[in-house]
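Undergrad: The structure's right below; bear with me while I get my questions together.
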Amino acid sequence: MRTEDLIAELAAAGPAAPALNPRATGLRMVMAVALAAGLFLLIAGPRADLAAKLVEPLILVKTLLPAMLAFIALPLALRMMRPDTRLGGRALWFALPAALAALLWIATFVTTAPQARFADVSAFSLAECLGLILAISALPAAFALRLMRRGASTRPRLTGALAGLAIAACAATGYSFFCTQDNPLFYLTWYGTAIAVVSAAGAALGGRWLRW
Amino acid sequence: MTAKTTDRDRDWAAALAAANAGDGRAYARFLQSVTPVLRGVIRARGRSLGPDQQEDILQEVLLAIHAKRHTWDPAQPVAPWLYAIARYKVIDAFRRRGAGVHLPIEDFAEGLAAPEADPTAARDSAVLIGQLDARSAEIVRAVSLAGESTAEVGARMEMSEGAVRVALHRAIGRMARFAKGERE
Numbered sequence: 000m001r002t003e004d005l006i007a008e009l010a011a012a013g014p015a016a017p018a019l020n021p022r023a024t025g026l027r028m029v030m031a032v033a034l035a036a037g038l039f040l041l042i043a044g045p046r047a048d049l050a051a052k053l054v055e056p057l058i059l060v061k062t063l064l065p066a067m068l069a070f071i072a073l074p075l076a077l078r079m080m081r082p083d084t085r086l087g088g089r090a091l092w093f094a095l096p097a098a099l100a101a102l103l104w105i106a107t108f109v110t111t112a113p114q115a116r117f118a119d120v121s122a123f124s125l126a127e128c129l130g131l132i133l134a135i136s137a138l139p140a141a142f143a144l145r146l147m148r149r150g151a152s153t154r155p156r157l158t159g160a161l162a163g164l165a166i167a168a169c170a171a172t173g174y175s176f177f178c179t180q181d182n183p184l185f186y187l188t189w190y191g192t193a194i195a196v197v198s199a200a201g202a203a204l205g206g207r208w209l210r211w
Numbered sequence: 000m001t002a003k004t005t006d007r008d009r010d011w012a013a014a015l016a017a018a019n020a021g022d023g024r025a026y027a028r029f030l031q032s033v034t035p036v037l038r039g040v041i042r043a044r045g046r047s048l049g050p051d052q053q054e055d056i057l058q059e060v061l062l063a064i065h066a067k068r069h070t071w072d073p074a075q076p077v078a079p080w081l082y083a084i085a086r087y088k089v090i091d092a093f094r095r096r097g098a099g100v101h102l103p104i105e106d107f108a109e110g111l112a113a114p115e116a117d118p119t120a121a122r123d124s125a126v127l128i129g130q131l132d133a134r135s136a137e138i139v140r141a142v143s144l145a146g147e148s149t150a151e152v153g154a155r156m157e158m159s160e161g162a163v164r165v166a167l168h169r170a171i172g173r174m175a176r177f178a179k180g181e182r183e
């Protein structure tokens, strides 16, 4: 086939699909994960002492830190839907929640008595925390990646990882209203692990679904 | 728009905006205008490939631009968007062709059709084709074995000729990987 003929054929194809709208895409992603987390809180119920506990800074952090992570990751993931996007210095924003989490983890470790540090860790509490954050994230993350197929990311794995990170951070934010583990060593470690697992899954799936 | 906007960028932006709204003539003008630029990029990168293969890659890039034309942000210049797509598809095309592995369809068809062809080779080809999905296998059989034109196959399978060509290329590439012992 001659290139001239191909051009003629393409030109006759009619209007393009509706223009990519990252804002609307992001809204749909947030609504999906809000629905999943909301459903979970509706069934499981938030912790009974939520209002009293949320005024305690170290417990508020359990909600604010994943929320901050989501606020950083989601716009970056959406930007990556266009082929001519480079993350560049914007990725440095991740240093802020990472540094806060590291500082809090170390400070708590140092100020907690050795036998109290990992006292809350049991097979059940781990399965509950990790399992529930993963369960809340799974469908919204898959949905987010499906939406992002409309884009044209030239870094499919990175884009998938950012989408997984954004969704899992939102899910952890919602989960924090249920979670009664208030030891920073516990929630930083296991929320972080859950978010990392979803990001890795997002990278793997992105490598398959976001190619074009 | 922060970047310096040249006349060419303005022309491209106007043409692509009109094209995405459904103006076929503007779209043809846009594609004709970017084609020589893309051809230059591909030639610079793919010196080891023959002109036919370079033209095939050019057509793959044009198809990708077509499929993703809704991802251009009208508030941004066209050139960086265009080059990003071209770069992605050119790298992809070179990777799929492998370093120096050329498998022209014509050679493939001749080898299979020749009466003195090694029967094991023909059987191997049948095995390789058998590993493809049904649709790809039909395209390879029709074009490479039965000698139908891509236009005929496209008409029969209700695909555009361009889509048949791309499917054929991907199928041949997959068969080459099967032959090297890789699995999907």
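For the protein sequence lines, the chains are A and B, in the order given. At position 125 of the first sequence (counting the first as 1) the number is 124 in numbering that gives the first Met the number 0, and the numbers step up by one without a gap. At position 152 of the second sequence (counting the first as 1) the number is 151 in numbering that gives the first Met the number 0, and the numbers step up by one without a gap. Just so you know, even glycine gets a beta-carbon here, dropped at the ideal spot from N, CA and C. It should be emphasised that the depicted structure is a prediction, and the values quoted were computed from it without experimental measurement.
(1) If you compare alpha carbons, which of B:Leu-37, B:Trp-71, B:Tyr-87, B:Glu-59 is closest to Met-0 of chain A?
(2) Does DSSP put Lys-67 of chain B in a helix, in a strand, or in coil?
(3) So Pro-35 of chain B contacts chain A; which residues on that side make the cut at Cβ distance below 7 Å?
(4) Rounded C-beta distance between Leu-26 of chain A and Arg-81 of chain A? I'm assuming under 8 Å.
(5) Rounded to the nearest angstrom, how far is the Cβ of Gly-173 of chain A from that of Ala-36 of chain A, given a contact under 8 Å?
(6) Contact criterion: CB-CB distance below 7 Å. Does Ala-160 of chain A meet it with respect to chain B?
(7) From the DSSP output, in three-state form, read off His-101 of chain B for me.
(8) Listing by chain order, which chain A residues have their CB less than 8 Å from the CB of Arg-164 of chain B?
(9) In whole angstroms, what is the alpha-carbon distance linking Ile-64 of chain B and Trp-11 of chain B?
(10) Only counting runs of 4 or more residues, tell me where the alpha helix (DSSP H) segments fall wholly within the region 93-130 of chain A, in order along the chain.
(11) Which whole-angstrom value is the C-beta distance of Ala-175 of chain B and Val-139 of chain B, which I expect to be below 8 Å?
(12) For Ala-15 of chain A, count neighbouring Cβ atoms within 10 angstroms of its own Cβ and tell me buried if that reaches 16, exposed if not.
(13) Use the C-beta contact count for Val-54 of chain A: other C-beta atoms within 10 angstroms, 16 or more gives buried, fewer gives exposed.
(14) From the DSSP output, in three-state form, read off Ser-159 of chain B for me.
(15) For Ile-105 of chain A, count neighbouring C-beta atoms within 10 Å of its own C-beta (all shown protein chains included) and say buried if the count is 16 or more, exposed if not.
(16) Can you confirm whether Ala-151 of chain A, when its beta carbon is compared against all beta carbons of chain E, has any partner nearer than 7 Å?
(17) Could you tell me whether the region 122-129 of chain A touches the region 57-64 of chain A, using the rule of 3 or more Cβ pairs below 8 Å?
(18) Give me, in chain order, the residues of the same chain whose beta-carbon lies closer than 8 Å to that of Glu-42 of chain B; leave out the 5 immediate sequence neighbours on both sides.
(19) Counting only Cβ pairs nearer than 9 Å, list the residues of chain A close to Ile-84 of chain B.
(20) Count the other CB atoms, across all protein chains shown, that sit within 10 Å of the CB of Gly-88 of chain A; report buried if there are 16 or more and exposed otherwise.
(21) So Asp-10 of chain B is in the alpha helix (DSSP H); what residue range does that whole segment cover?
(22) Take Asp-72 of chain B and list the residues in its own chain whose beta-carbon comes closer than 8 Å to its own, dropping the five residues that flank it on each side.
TA: Judging by the given coordinates:
(1) Among B:Leu-37, B:Trp-71, B:Tyr-87, B:Glu-59, the Cα nearest to that of Met-0 of chain A belongs to B:Glu-59.
(2) Coil.
(3) Here the premise fails: no neighbours, minimum Cβ distance about 10 Å.
(4) Rounded, the Cβ-Cβ distance is 17 Å, inconsistent with contact.
(5) Separation of the CB atoms of Gly-173 of chain A and Ala-36 of chain A is rounded to 3 Å, and the pair is thereby assigned contact status at 8 Å.
(6) No, its Cβ sits nowhere closer than 7 Å to a Cβ of chain B.
(7) Unreliable placement is indicated for His-101 of chain B, whose pLDDT of 48 sits below 50; the coordinate value is still reported in the next sentence. When secondary structure is reduced to three states using DSSP, His-101 of chain B falls in the coil class, being assigned neither helix nor strand.
(8) By Cβ distance, chain A contributes Met-0.
(9) Going by the C-alpha atoms only, they are around 13 Å apart.
(10) Here the runs fully enclosed are 94-110, 113-116.
(11) Contact between Ala-175 of chain B and Val-139 of chain B does not hold, since their C-beta atoms are separated by about 12 Å, which reaches or exceeds 8 Å.
(12) Under this definition Ala-15 of chain A is a buried residue.
(13) Result: exposed.
(14) If DSSP states are grouped into helix, strand and coil, Ser-159 of chain B belongs with coil.
(15) By the neighbour-count rule (16 or more Cβ atoms within 10 Å), Ile-105 of chain A is not buried but exposed.
(16) In the displayed structure, chain E is absent; the protein chains listed are A and B.
(17) With the rule of 3 Cβ pairs closer than 8 Å, the region 122-129 of chain A does not count as touching the region 57-64 of chain A.
(18) Reading off the sequence shown, one finds Arg at residue 42 of chain B, where the question assumed Glu. If you ignore the 5 residues before and after Arg-42 of chain B, its C-beta comes within less than 8 Å of the C-beta of Gln-53, all in its own chain and listed in chain order.
(19) Against chain A, the beta carbon of Ile-84 of chain B has neighbours under 9 Å at Pro-82, Asp-83, Ala-151, Thr-153, listed in chain order.
(20) Flag for Gly-88 of chain A reads exposed.
(21) Segment 6-19, the alpha helix (DSSP H) holding Asp-10 of chain B.
(22) Cβ neighbours of Asp-72 of chain B beyond the five flanking positions: Trp-80.
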